Structure formats: structure tokens, C-alpha cells
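Residue numbers for the sequence shown follow the numbering used here, beginning at 1 and rising by one.
In what follows, a single structure is set out as C-alpha cells and then discussed.
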Amino acid sequence: MAMKQFKAESKRLLDLMINSIYTHREIFLRELISNASDAIDKLYYKTLTSGDTGLNRADFYIELKPDKEKRTLTITDNGCGMTKEELENNLGTIAKSGSLNFKKDNEPKEDIEIIGQFGVGFYSAFMVSDHVTVISKAYGSDEAYRWESSGAEGYTIEPCEKESHGTTIILNIKPDTEENHFDEYLDTYTLKNLVRKYSDYIRYPIKMDVEKTRLKEKPKDVEEKEGEHKDEYETYVETETLNSMVPLWRKNRNEVKAEEYNEFYKSKFNDYQDPALVIHSSTEGTATYKALLFIPARAPFNFYTRDYEKGLQLYSNGVMIMEKCADLLPDYFSFVRGLVDSQDLSLNISREMLQHDRQLKLIAGRLEKKIKSELESMLEKDREKYENFFKNFGLQLKYGVYQDYGLHKEVLQDLLLFYSSSEKKMVTLKEYVSRMKEGQKFIYYACGDSVEHVEQLPQTEAVKEKGYEILYLTDDVDEFAVRMLMKYDDKEFKSVSADDLGLETEEEKKEAAKKVEENKDMLNFMKEALDGKVKQVILSQRLKTHPVCLSTGGAISIEMEKVLNALPNQEKVSAERVLEINANHPIFQKLCDLYQNDKDTLKQYASLLYTQALLIEGVKIDNPLEFSNQICELMTK
Numbered sequence: 001m002a003m004k005q006f007k008a009e010s011k012r013l014l015d016l017m018i019n020s021i022y023t024h025r026e027i028f029l030r031e032l033i034s035n036a037s038d039a040i041d042k043l044y045y046k047t048l049t050s051g052d053t054g055l056n057r058a059d060f061y062i063e064l065k066p067d068k069e070k071r072t073l074t075i076t077d078n079g080c081g082m083t084k085e086e087l088e089n090n091l092g093t094i095a096k097s098g099s100l101n102f103k104k105d106n107e108p109k110e111d112i113e114i115i116g117q118f119g120v121g122f123y124s125a126f127m128v129s130d131h132v133t134v135i136s137k138a139y140g141s142d143e144a145y146r147w148e149s150s151g152a153e154g155y156t157i158e159p160c161e162k163e164s165h166g167t168t169i170i171l172n173i174k175p176d177t178e179e180n181h182f183d184e185y186l187d188t189y190t191l192k193n194l195v196r197k198y199s200d201y202i203r204y205p206i207k208m209d210v211e212k213t214r215l216k217e218k219p220k221d222v223e224e225k226e227g228e229h230k231d232e233y234e235t236y237v238e239t240e241t242l243n244s245m246v247p248l249w250r251k252n253r254n255e256v257k258a259e260e261y262n263e264f265y266k267s268k269f270n271d272y273q274d275p276a277l278v279i280h281s282s283t284e285g286t287a288t289y290k291a292l293l294f295i296p297a298r299a300p301f302n303f304y305t306r307d308y309e310k311g312l313q314l315y316s317n318g319v320m321i322m323e324k325c326a327d328l329l330p331d332y333f334s335f336v337r338g339l340v341d342s343q344d345l346s347l348n349i350s351r352e353m354l355q356h357d358r359q360l361k362l363i364a365g366r367l368e369k370k371i372k373s374e375l376e377s378m379l380e381k382d383r384e385k386y387e388n389f390f391k392n393f394g395l396q397l398k399y400g401v402y403q404d405y406g407l408h409k410e411v412l413q414d415l416l417l418f419y420s421s422s423e424k425k426m427v428t429l430k431e432y433v434s435r436m437k438e439g440q441k442f443i444y445y446a447c448g449d450s451v452e453h454v455e456q457l458p459q460t461e462a463v464k465e466k467g468y469e470i471l472y473l474t475d476d477v478d479e480f481a482v483r484m485l486m487k488y489d490d491k492e493f494k495s496v497s498a499d500d501l502g503l504e505t506e507e508e509k510k511e512a513a514k515k516v517e518e519n520k521d522m523l524n525f526m527k528e529a530l531d532g533k534v535k536q537v538i539l540s541q542r543l544k545t546h547p548v549c550l551s552t553g554g555a556i557s558i559e560m561e562k563v564l565n566a567l568p569n570q571e572k573v574s575a576e577r578v579l580e581i582n583a584n585h586p587i588f589q590k591l592c593d594l595y596q597n598d599k600d601t602l603k604q605y606a607s608l609l610y611t612q613a614l615l616i617e618g619v620k621i622d623n624p625l626e627f628s629n630q631i632c633e634l635m636t637k
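Right, dumping it as C-alpha cells:
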């Protein structure tokens, strides 16, 4: 029997296939099962179009048979089979696809889907096998043929005997090496898991004989003696169907119970809690796909770490292509779990790389809109559930506002929640703006480590006195996100520590300016006494009962300074600090007296007031011992 040679370019491609294209050897099983499914689909289509009533969908199957002694794995289907010419064309010429030609030559009905299109998936078998045998008999033919190859050196084709139509592929599994454990592909447990992982939704049953153990029945007429072992077990073989066949996401939503969604999510994505939200959608048009998405009830333990990988499972007609396709989700929706199944995705030689990423981008764009819409619906209809979602994943939405220079802020701004000073609960920006009082110019916010801390900040006094609502920003990213938003509904955000809060009348501004002018020498003296720690010492317009506070000039606030300086390997930054003194507090008169009579003590007061302001802000002071000594010294005077 003469050895036939692959063409030169086919040899190179086969070598590339075995060594480079596929990153995971285990997908060989997915490819061969997909090919078997295609062969059955073709035959099923032929029977529909020819009016042959001798076969129906229930007659078809795919069978796996591992043999550890012979080191073979056999994959059998009862599909259309191949003639000698088809074996020559489809297997003798790499990248010659029978499925693709079938699709071009026919117009299958809607329920006939041909998975394989590029003809090289079969050769992934050589990643785990050093010799491949294909025995095939075409439907309606009396002749069967055997195709054999040990790799790039070539192949043989010869007549053989086969009882029924279909194809049998026999893989001689490679011996183990130090780096690769090929024995696992002869293990029924491994094969079951691979089928469930990659081919669970192939529409035909994938069967395998599995050895099991059961309690052996004892003859009724045998009496057990005391002390004898009572339980005896025996092994037996049972044929199992390894795949579920009907994808949950291909059913109509009204056919699926909530319990089914929950169980599917928990088993598929290894969570012990039911999801907070299920999104089941089917879209047709420029991007045709089915999606089944889940929002977890809690954040995974590693969600806010570098170890977390975002992405959705990607299927093509029920065959998994990618475990985690990151391109389907933007970073700010990275908490979403689930899958997408599209018949429109054109796949290239490996099914692991997408040929037309334009289609993927269309799907990703649609998913983004759908996720946003569902979250907005949850916010509107089930506030408690949304607030729980926000506790887990709100931080990610805020990062999304800040990232990419605010490119996505329009998408995310209506999903944000912040604690309200007046409502004493979490509110949206839309709700805040709807309650703004007549004459209120800004959306006011205050930053701190906690709601309790912000509540006590002296800087909030003037805004609260006006009856204006304040948003409390307690996460590190909050102020960065708000600064990136800049405005909401044409209302500008304003920190309660900013220079101009827009609260004073023109008359009040003039009176304040007059007082500053009268005391400018003392204020400059205190600034100099602080030796560069502050940009200015001023009389405050925001303080009502507290003696002192810090505000900032420039782009960096004190909270932003704390966050940035806490980052590793980050160049240290400094906010332009301004020490504000309450001119209506008794301490102010004391400062004026000291400026006239005891400037050395005034220096100590300036230092103490500055340190006090730092402590109010939650900023770590440089020298606690010095601060303590200064207090003791003043107490003894």
C-alpha cells in the first residue's frame, strides 16, 4: 500500500498545528466531537430534504471508547460518513473543509448548524496521538475505507469492512513524558469533564461506557454468620450520556424556572449563592447571538485583585471556543459572569482565535447596553437589591468613571450611589439634583474615611446652614471619579473645602474682605511661622462653630494627596494647604492679642491650630511628641 504525501504547504501547516496553534492540547476532543456532530447534521439534513423517513434525530449518537491496555481512544459517529474521494479531499489536504463546502452548496434549514468550517480541527488529534486511523462509510454506499497517518510524512487509504454508515476515529495515544501526561486522555473521569467543559451542548448524545460499583445482592437462602462481613460490592459497566444536549440559553425565558437559572449558575461558575440578577437575552440582526449573564450576589474574594480574570464564556453553536473572552466585557462590568453563543462568529484555523473581531465588538457593544439597562431597571424597581449590588461592585463602577479620562462617564453616572447628608441613605445623582434648592449653584460633596468622619468635618457647616444637601465620599476613588464627571445635569460638583462655595452675598464678601485687610499682617505672620506648611492663612467664610479647618488650592485635595501617597512606588504629591481661622470664634481674639503682645506664643498657637486641623482631616501628623509638649507648655503658662 503506497504512502501518499501531504502537499508541502500542508506538511508545514500540520507541523504548526501540532506544535503551535492550539495552546491547550485537551481541545482535540472538542474538535473531533464537533466534526462528528457536523457529520450527523449533514446526514440529518439530507434525510429531511430527500424525504427519507428511515432516520430521525433520536437515532443519532457519538460514542467515546478509551482502552488503557491498547492506549487507544476511539470516537465514533453514525453520521453521513465519507467516500474515498471525500477522505482524500478532506483529510489528505489540510484546510480543505467538507463542512464549509456543504454549507456553500446547500441552504440548511434553521435548525441545522454546521460547526466546523476550516478543516484543520481534525489534525489537532496529532497533538495527543502518534498514529490516527479513520474508518468511514458514506451513507447509502456499500464501500468503506480506512485512512491512516502517523503525521507529516503522509497517509494511506485502503478499502475495509464497516457494517454501518458513519465514521470511527482511532487515536493511538502518545506515551507520557516528563512535561506531558497523555495517559489522562484514556481516563473516563477526564474525558467526562472535557465533554462537559467543551461539548456539553452538542445536540446529539455523547455516550461512553463507564465502570461503576454497586452493592452486591446476597442470595436469599444464605444465612449470615455473626462476625462475617455483611457488605460485598461488584463492578459493572453502564453506558452514560455525558452531555446535557439542550443549552439553557437556547430555551425561551418563559420556559425556564428561576431555580434552573440558579442551579445552572452555581454549578457552572462555582458559587454557593444564587445570583443577584439573571440576564437572558436573544438578539438578531447585525449581531445575532444568545446571552445568559449573571450578576453575583457577592464579590468574589479576589475580585479587587490582579488575580481576578474577567470574561464571558464564548460558544459557537453550542461549542465552547473560549473559557473567558475578556473582549466581551468592559472593565467596569467585569463582575458579570455568563456566556454568549453566536452562530455568526467566523472562526479561523483553531477556533481559539476570532477571525472577525468586528462581530465580537458588535456583540460587546450590545451586551454593555443590556447590562446597563438591567442595572437601571434593578435600581428603579428593587432599590434594596441594587444597594446590596452596589456595596459589592459599586467601587468598580466608580473606577470605570475615572478610567480612560472619563470616556465612559455618560454610561455609568446614573448607576452611582453616594451617601446623603440630608437623606441619611444612599442616593443617586439624579435624586440629588431633583432636590436642589432654589438658588443652589453646585452639587456639594465632602470627603473622609467614613460617614461618621465626614459628618463632623468643620467644612460642612456653612453648606448645612444653608440647608443644602452634601454627598459624602468615603471611598478612595470617589473624589477622582467626581472630578472626572465635572458636572451632572449641567450642575458643577463642588467640594465643601473648595475656595468659593457660592454661599456668600456680595455684601458678605465685602465685609469679609475688609476684615481680612485689617488682619493681613497677623495672618501673614502665622503663615511664616508655619514655615512653608501652608500656602496661606485666611479668615474662613465656611466655619460657624469650629475654630479652624484646612482647605486647599490647586487640583490636589487633601484626600487625593492621602490616596496618591499611599500608592506603592508613587512619587509623593502635596496639596496646597490653606489654614482657615474662624473670625467669630473666641480663639480669634486670643490670636489678635498675642500678635500685639506675645508673638512667640502666637507661633506656638499657629503650630497647634495647624496640627489640630490636620487631625480633624484624618492626616497623620509628623511629630506627635512635639504636639504633646506644646500643649503641656501652654497649659502651664
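Cβ atoms here follow ideal geometry from the backbone N, Cα and C, with glycine treated the same way.
This structure is a prediction, so every number in the text was calculated from the model and none was measured.
Beta-carbon proximity list for residue i, same chain, < 7 Å, skipping 5 on both sides
i	result
Val477	Leu395, Lys398, Tyr399, Tyr402
Ile482	One detail in the question is off: residue 482 reads as Val in this sequence, not Ile. For Val482, where only same-chain residues beyond five positions count, the Cβ hits under 7 Å are Tyr445, Leu473, Phe493.
Thr282	Reading off the sequence, residue 282 comes out as Ser, not Thr. Correct list, in chain order: Lys290.
Phe393	Ala299, Phe335
Glu88	Ile157
Glu479	Cys447, Leu473, Ser557, Glu559, Met560
Thr168	Thr74, Thr76, Ile135
His453	Gly618
Limits of the beta strand (DSSP E) - the one that residue i falls within
i	result
Gln589	Note, Gln589: premise wrong, no beta strand (DSSP E); alpha helix (DSSP H) at 586-597.
Met322	319-325
Gly285	Segment: none, Gly285 is in no beta strand (DSSP E) and carries neither H nor E.
Tyr145	144-149
Gly553	548-553
Glu492	491-495
Residues of its chain near residue i, where Cβ-Cβ distance is below 6 Å and the 5 sequence neighbours each way are ignored
i	result
Leu415	Leu375, Leu397
Leu293	Ile279, Val336, Gly338
Tyr201	Pro247, Gly318
Met353	Summary for Met353: the model assigns pLDDT 49, below 50, so the residue's position carries little reliability; its value from the coordinates is reported in the next sentence. Nothing meets the Cβ criterion.
Residue i versus residue j: straight-line alpha-carbon distance, rounded
i	j	result
Gln359	Ala555	42 Å
Val642	Lys603	In the structure as shown, the chain begins at 1 and stops at 637. Residue 642 is therefore absent and cannot be evaluated.
Pro275	Val496	39 Å
Ile295	Glu617	37 Å
Glu638	Val128	An answer regarding residue 638 cannot be provided, because it is not within the stretch 1 to 637 covered by the chain.
Glu590	Tyr605	Looking at the sequence provided, one finds Lys at residue 590 rather than Glu. The straight-line gap from Cα to Cα measures roughly 10 Å.
Tyr185	His165	26 Å
Arg253	Tyr265	15 Å
Glu633	Asp404	53 Å
Ala58	Lys162	22 Å
Leu191	Glu380	46 Å
Tyr595	Asp499	26 Å
Lys424	Leu564	29 Å
Gln440	Asp341	50 Å
Thr645	Leu345	Since the first residue shown for the chain is 1 and the last is 637, residue 645 is missing from the structure and cannot be characterised.
Ile698	Tyr432	Here the chain has residues from 1 to 637 only, and residue 698 is not among them.
Glu571	Lys562	12 Å
Asp640	Pro458	Look at the range of the chain in this structure, 1 to 637, and you will see that residue 640 is not part of it.
Gln456	Asp598	32 Å
Asn388	Glu234	52 Å
Beta-bridge pairing of residue i - partner residues as DSSP gives them
i	result
Gln536	Val578
His131	Asn172
Tyr419	Met426, Tyr472
Met208	Leu64, Glu240
Gly365	BP columns for Gly365 are empty, so no partner.
Ala650	Since the first residue of the chain shown is 1 and the last is 637, residue 650 is not available in this structure.
Boundaries (first-last residue) of the alpha helix (DSSP H) holding residue i
i	result
Asp341	That residue, Asp341, is in no alpha helix (DSSP H); its beta strand (DSSP E) goes 337-341.
Val195	188-198
Gln313	Segment 312-316 is the beta strand (DSSP E) holding Gln313; no alpha helix (DSSP H) there.
Ile558	558-566
Asp478	478-485
Pro159	First-last for Pro159: 155-160, but that is the beta strand (DSSP E), not the alpha helix (DSSP H).
Glu384	383-402
Leu73	Taken as a continuous stretch (DSSP letters only), Leu73 belongs to no alpha helix (DSSP H), being part of the beta strand (DSSP E) at 72-77.
8 Å CB neighbourhood of residue i in its chain, flanking five on each side removed
i	result
Ile621	Thr611, Leu614, Leu615, Phe627
Gly154	Met3, Lys4, Gln5, Phe6
Pro330	Ala364, Glu368, Gly400, His408
Lys464	Ser421, Ile470
Pair every Cβ in the region 626-634 with every Cβ in the region 542-560, then say whether three or more of these pairs are closer than 8 Å. no
Would you check if the region 25-44 and the region 66-80 touch, i.e. whether three or more CB-CB distances between them fall below 8 Å? yes
When the Cβ atoms of the region 569-580 are set against those of the region 528-543, are three or more pairs found closer than 8 Å? Output reads yes: the region 528-543 touches the region 569-580.
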